[in-house]
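Protein chains in written order, with UniProt numbering: chain A, 1 to 188; chain B, 1 to 188; chain C, 1 to 188; chain D, 1 to 188.
Ideal Cβ positions, reconstructed from N, Cα and C, are used throughout, including at glycine.
Owing to the predicted nature of the structure, the values given are computational and were not obtained by experimental measurement.
Working notes for the structure below.
There are 4 protein chains.
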Amino acid sequence: MPDKRERILSSAEALIAQRGFHGISMQQVATRANVATGTIYRYFSDKETLLRCVHEERLRDAATAILQNVDAEEPSYAQFRQLWLNTMHYLQASPDSLCYRVQYEASPLFNREEERLMDERYFKPVHEFFECGRVKGLFRDLPAELLGFLALENLMLLIQKCTKGCIELNNDIYEQLLDASWNAILKR
Amino acid sequence: MPDKRERILSSAEALIAQRGFHGISMQQVATRANVATGTIYRYFSDKETLLRCVHEERLRDAATAILQNVDAEEPSYAQFRQLWLNTMHYLQASPDSLCYRVQYEASPLFNREEERLMDERYFKPVHEFFECGRVKGLFRDLPAELLGFLALENLMLLIQKCTKGCIELNNDIYEQLLDASWNAILKR
Amino acid sequence: MPDKRERILSSAEALIAQRGFHGISMQQVATRANVATGTIYRYFSDKETLLRCVHEERLRDAATAILQNVDAEEPSYAQFRQLWLNTMHYLQASPDSLCYRVQYEASPLFNREEERLMDERYFKPVHEFFECGRVKGLFRDLPAELLGFLALENLMLLIQKCTKGCIELNNDIYEQLLDASWNAILKR
Amino acid sequence: MPDKRERILSSAEALIAQRGFHGISMQQVATRANVATGTIYRYFSDKETLLRCVHEERLRDAATAILQNVDAEEPSYAQFRQLWLNTMHYLQASPDSLCYRVQYEASPLFNREEERLMDERYFKPVHEFFECGRVKGLFRDLPAELLGFLALENLMLLIQKCTKGCIELNNDIYEQLLDASWNAILKR
DNA sequence: GATGAATGAGAATTCATTCAT
DNA sequence: GATGAATGAATTCTCATTCAT
Numbered sequence: 001m002p003d004k005r006e007r008i009l010s011s012a013e014a015l016i017a018q019r020g021f022h023g024i025s026m027q028q029v030a031t032r033a034n035v036a037t038g039t040i041y042r043y044f045s046d047k048e049t050l051l052r053c054v055h056e057e058r059l060r061d062a063a064t065a066i067l068q069n070v071d072a073e074e075p076s077y078a079q080f081r082q083l084w085l086n087t088m089h090y091l092q093a094s095p096d097s098l099c100y101r102v103q104y105e106a107s108p109l110f111n112r113e114e115e116r117l118m119d120e121r122y123f124k125p126v127h128e129f130f131e132c133g134r135v136k137g138l139f140r141d142l143p144a145e146l147l148g149f150l151a152l153e154n155l156m157l158l159i160q161k162c163t164k165g166c167i168e169l170n171n172d173i174y175e176q177l178l179d180a181s182w183n184a185i186l187k188r
Numbered sequence: 001m002p003d004k005r006e007r008i009l010s011s012a013e014a015l016i017a018q019r020g021f022h023g024i025s026m027q028q029v030a031t032r033a034n035v036a037t038g039t040i041y042r043y044f045s046d047k048e049t050l051l052r053c054v055h056e057e058r059l060r061d062a063a064t065a066i067l068q069n070v071d072a073e074e075p076s077y078a079q080f081r082q083l084w085l086n087t088m089h090y091l092q093a094s095p096d097s098l099c100y101r102v103q104y105e106a107s108p109l110f111n112r113e114e115e116r117l118m119d120e121r122y123f124k125p126v127h128e129f130f131e132c133g134r135v136k137g138l139f140r141d142l143p144a145e146l147l148g149f150l151a152l153e154n155l156m157l158l159i160q161k162c163t164k165g166c167i168e169l170n171n172d173i174y175e176q177l178l179d180a181s182w183n184a185i186l187k188r
Numbered sequence: 001m002p003d004k005r006e007r008i009l010s011s012a013e014a015l016i017a018q019r020g021f022h023g024i025s026m027q028q029v030a031t032r033a034n035v036a037t038g039t040i041y042r043y044f045s046d047k048e049t050l051l052r053c054v055h056e057e058r059l060r061d062a063a064t065a066i067l068q069n070v071d072a073e074e075p076s077y078a079q080f081r082q083l084w085l086n087t088m089h090y091l092q093a094s095p096d097s098l099c100y101r102v103q104y105e106a107s108p109l110f111n112r113e114e115e116r117l118m119d120e121r122y123f124k125p126v127h128e129f130f131e132c133g134r135v136k137g138l139f140r141d142l143p144a145e146l147l148g149f150l151a152l153e154n155l156m157l158l159i160q161k162c163t164k165g166c167i168e169l170n171n172d173i174y175e176q177l178l179d180a181s182w183n184a185i186l187k188r
Numbered sequence: 001m002p003d004k005r006e007r008i009l010s011s012a013e014a015l016i017a018q019r020g021f022h023g024i025s026m027q028q029v030a031t032r033a034n035v036a037t038g039t040i041y042r043y044f045s046d047k048e049t050l051l052r053c054v055h056e057e058r059l060r061d062a063a064t065a066i067l068q069n070v071d072a073e074e075p076s077y078a079q080f081r082q083l084w085l086n087t088m089h090y091l092q093a094s095p096d097s098l099c100y101r102v103q104y105e106a107s108p109l110f111n112r113e114e115e116r117l118m119d120e121r122y123f124k125p126v127h128e129f130f131e132c133g134r135v136k137g138l139f140r141d142l143p144a145e146l147l148g149f150l151a152l153e154n155l156m157l158l159i160q161k162c163t164k165g166c167i168e169l170n171n172d173i174y175e176q177l178l179d180a181s182w183n184a185i186l187k188r
């Protein structure tokens, strides 16, 4: 059974999505993964480690989704548009992932250094895009992470609000928001 | 000691800030507040209620801070600037408050309807400012909440990142961010 | 307020009847009696004492009800019939009282010596009736308490079963049971 | 140790006998059974379930004891005598069982329907004996449960009184009581 | 490697009792 | 006498983790 680790991870993911960050027990994860409780501890030294791994897994998935079809050869706006739409679609398709991330980052599990490393590892092309635009004088003279934040990351909270039902979006609003993001980072 | 309720609330706040939303026990809250465990239950029917009250308290404080010195008679940009700076300063001064809110809103405690009512109650002037600008044709034709979100609320995640040490800010960056926010909502 | 003690007692009775022997708190008793929690302790040294007093109160009421219209001048069977019917009616009218008594007597509160004293105090005429019949050679040569038990006290469990819905009674059955009781104690 | 469930059950039984139906904690049960608190919850989902199981277990044991050596081929009186003596001996040998049952039936745990099912399951032969006698015209024309009650079940309260020390019995009295029970149910 | 029964510390909550006012 | 806020030990139940098989 080469996929036991995988099964455990995805069980944890699914359960957290359903019941919230702290609403799951190792027993539940084990049951859903069709393994014994003790088995989890062969793959993850403790619950914290398991949660960290889920986090990294999701981050990797997110990066993959967001970078899909982004071609560094294309013009900046086209790339930006693709990035923005990818982000939006990914967040809407996986609201749980978002909910998990927000809680994880606000929790004591969150570790600045590890986060930076993962960002580096998975989101390098995104940072490079913004850095490149900054150097070319297209974007504001802000650190790439800040540009990325202004343009993409704030969608996280926004989509969370939508998921919770506070705000409703439609295609017209999408375009406006995309435009607003673009204008936020453009140098004047 | 007429302020026992107050002491309990602020103990809960402080502990959540230190140990995270789910990392606190009623015992700890009681000990820190210098009351007996049972005493908490005279003031809050259960843990959930206590957490909800902390949330509302914080929201009220935040609204007060953010609306300070905002004068509806002044020009739009002046008002916006004041709102933005107030928000920024409040968030920086009370990073715990922020951390709490993000966790609360991602938790199962969060209830859309109650949230809407509280928003209405405490942040009405903010919404009015954005609505007014929209009607005048100054801001994009987006719902006031979305404008508010684009301009102010996304600072939440940003400051959280700063607090966690991922990004460093300075006065120059402030001005850039303020400007970026302004440009994000302006009608072109 | 001369009746505060009385109010506390009857609140306790009523609550126990509604929620069972151990389902009541002193707070609830106090609230229902319209007194402060502490006030109960001016009249009853502790919960146990309160429960004992309720027990005695009920026993006295039961004795009064059972002895109503029993005339020592009348023939034995007439007296017996009256006793039996009184008992039956009392138990049916106050199933709570019964429920309370059964639980009390099975609980560690129950004290043999006190019980004997109370029996003596309140049920003397009943015992005398059976003793008298025994001496006359009408009833079996058994201790009066046993005769009383065979004739009357076993109705307690029976009525409890009825109250719980296990058995249904009607007038014809009454007469049969009355007759059965009479035959159980008669000397042959 | 394959009998952990058994140990828990009998610890609960013993403690209830000692301290009363409501005077036991899961801790105490666990300690007496030499298991950890949590272990109880592997076998019984909660305290209520544990108490219900003790009840059923005892009922089954009682039925077994009471039906011992009762032969449906023998004459009615012989069967009755055996049933009555079995009941008496069982009750005297297991006064705790009795005490438990009375408290259980008076408690909110008691459920009419479940009780009927258990009665059916375990005491069917007893009911059949009485029903059969009724049909033959030997016993009073009363429902079998009532005949059973008059003949046997009222011994419960009686033995309880003896156990508590209110009444003393001897062999002569046994015979008298047995005879009284027989006469109570006989058709005249 | 895998299992899952067992563990027991720790959680939320209740409630008999006290005592300053 | 009366009050009722405060107490804190005790209760039921959960769950991360271990370890004999």
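Residue from the options whose Cα sits closest to the Cα of residue i
i        : options                                : result
B/Val54  : B/Gly165, B/Gln103, B/Glu73            : B/Gln103
A/Phe21  : B/Ala184, B/Glu113, B/Glu105           : B/Glu105
C/Thr49  : C/Glu114, C/Pro143, C/Tyr90, C/Arg188  : C/Glu114
B/Leu146 : B/Phe130, B/Ser45, B/Arg58             : B/Phe130
A/Ala62  : A/Glu74, A/Val70, A/Glu73, A/Ser94     : A/Ser94
C/Leu177 : D/Gln160, D/Gly165, D/Asp141, D/Ile167 : D/Asp141
D/Pro75  : D/Phe149, D/Cys132, D/Asn111, D/Val29  : D/Cys132
D/Asn12  : D/Glu128, D/Leu83, D/Glu6, D/Val29     : Position check: residue 12 of chain D holds Ala in this sequence, whereas Asn was assumed. It is D/Val29 whose Cα lies nearest to the Cα of D/Ala12.
B/Cys99  : B/Ala17, B/Trp182, B/Glu6              : B/Ala17
A/Tyr90  : A/Asp71, A/Ala65, A/Phe110, A/Leu138   : A/Ala65
A/Phe110 : A/Leu51, A/Asn171, A/Ala36             : A/Leu51
C/Val70  : C/Gln82, C/Ala14, C/Tyr77, C/Leu59     : C/Gln82
According to DSSP, residues forming a beta bridge with residue i
i        : result
D/Leu186 : D/Phe139
Coil, strand or helix - residue i by DSSP
i                      : result
D/Lys164               : coil
A/His55                : helix
B/His22                : coil
D/Phe149               : helix
A/Asp119               : helix
C/Asn111               : coil
C/Val126               : helix
residue 195 of chain A : Lying outside 1 to 188, the shown extent of chain A, residue 195 of chain A is not represented and no answer is given.
B/Ser181               : helix
C/Val70                : coil
A/Ser45                : coil
D/Asp3                 : coil
D/Asn86                : helix
D/Ala78                : helix
B/Val29                : helix
C/Asn154               : helix
B/Ala14                : helix
D/Ala63                : helix
D/Ala144               : helix
Whole-Å CB distance - residue i paired with residue j, under 8 Å assumed
i        : j        : result
B/Lys4   : B/Met26  : Wrong, their Cβ atoms sit about 15 Å apart, outside the cutoff.
D/Cys162 : D/Leu169 : 6 Å
B/Leu158 : B/Thr87  : Incorrect: roughly 11 Å between the Cβ atoms, too far for contact.
C/Ala184 : D/Ala180 : 4 Å
D/Arg7   : D/Ala36  : Actually they do not touch by this definition, with Cβ atoms about 12 Å apart.
B/Phe139 : B/Lys187 : 6 Å
Segment limits, alpha helix (DSSP H) that includes residue i
i       : result
D/Pro95 : 95-106
Contact test: residue i Cβ vs the ligand NAD heavy atom, cutoff 7 Å
i        : result
C/Arg188 : Absence of the ligand NAD from the depicted structure is noted, as is the absence of any ligand whatsoever, leaving it without description.
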